[in-house]
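This report refers to the structure that appears directly beneath it.
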Amino acid sequence: MALRALLPATAARVADGESAGFDWIDGTPPESTSGGAGIAVRAAAAGHYRPGWGVFVLTDAATGTALGSIGFHGPPDAEGFVEIGYDLSPSARGAGWATDATRLLAGWAAARPEVRTVCALTEPENVASQRVLQRAGFRFVGEREGLRAYEIDGAAAAGVGVNA
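Position 151 of the sequence shown, counted from 1, bears residue number 151 in UniProt numbering, the numbering being contiguous throughout.
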């Protein structure tokens, strides 16, 4: 597995549903990947883009095939809180890619001194995503705005992550 950061110009193309030079497993980026790229584009337009704190395309390192995305909703806030989100193409689901990518990104974030907590939110009915987070070391902490919230503190995430 490899994560490839999307610079704002490429993120704009993915947000528009273009392949942007990637060989997507299902032909085009999944809808939520395009949505995540759109978040990165809006952050850049507002002057909030910080390299490393955007969206990444998750690829199969052996084939180069793009499987989905994972990334941050923005850089950590003043309290050291950062939120992640991820999405896989339907054909890539169920093979552990999301769990591995979540561990990798949480570990990378935890290695940064400004991060104290990594969070992810899921729809209550998205049991598969909740299992991904649990396998990646996150713990359920309650409901936020109708979504299930999972967190891992920086020290714990540093223990589950690998070098990015």
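Every residue, glycine too, gets a C-beta built ideally from N, C-alpha and C.
Per DSSP, T99 lies in no beta strand (DSSP E) segment; the continuous alpha helix (DSSP H) that holds it begins and ends at 97–110.
Selection L105, Q130, G21, G137 evaluated against I152 yields G137 as nearest (Cα-Cα). Taking every protein chain shown into account, the CB of T33 has 16 or more other CB atoms within 10 angstroms, so this residue is buried. Shortest Cα-Cα distance from P76 to any of I84, T63, G64 involves I84.
With respect to W97, L67 sits close: the two C-beta atoms are nearer than 8 Å. The shortest C-alpha to C-alpha distance from S69 to any of L105, G154, G142, E145 is the one to L105. Proximity to D16 across V41, F140, Y49 peaks at V41, based on C-alpha coordinates.
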